[in-house]
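Undergrad: My questions all concern the structure below.
Numbering (full-length UniProt numbering), first residue to last: 1 to 61.
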């Protein structure tokens with residue numbers, strides 16, 4: 001996976017993107033602005049649906 005942080009207005013507004021890859025292709029990512037996982041492929045849809053329904057996983061993302 002790959003994590004990226006974007007700082008807006010200094011450190012007051014921070015956006016975290018955590019991208020999950022398989023075979024060099026992004027299949028799902030977490031966007032801290034939205035607060036949930038977003039699928040990029042059909043394979044990612046299964047993981048995103050499961051992770052978004054699990055509050056423990058969302059709390060760690």
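Every residue, glycine too, gets a C-beta built ideally from N, C-alpha and C.
#1: Should residue 36 be labelled buried (16 or more other beta-carbon atoms within 10 Å of its own) or exposed?
#2: How is residue 2 classed by DSSP in three states: helix, strand or coil?
#3: Helix, strand or coil, according to DSSP, for residue 31 in the structure here?
#4: Whole angstroms is fine: what's the gap from residue 29's alpha carbon to residue 18's?
#5: In angstroms with no decimal places, state the Cα-to-Cα distance between residue 60 and residue 32.
TA: This is what the structure holds:
#1: Start at 1 with the first residue of the chain shown, and residue 36 comes out as number 36. When all chains shown are included, residue 36 counts as exposed.
#2: Residue mapping note: residue 2 aligns to position 2 of the chain shown, counting from 1. Residue 2 falls in the strand class under three-state DSSP.
#3: Within the chain shown, numbered from 1, the residue matching residue 31 stands at position 31. It is a strand residue.
#4: Working through the chain shown from its first residue, we reach residue 29 at position 29. Working through the chain shown from its first residue, we reach residue 18 at position 18. Approximately 5 Å, taken between the alpha carbons.
#5: For the purposes of this step, residue 60 is identified with residue 60 of the chain shown, where counting begins at 1. For the purposes of this step, residue 32 is identified with residue 32 of the chain shown, where counting begins at 1. Using only the alpha carbons, I get a separation of about 11 Å.
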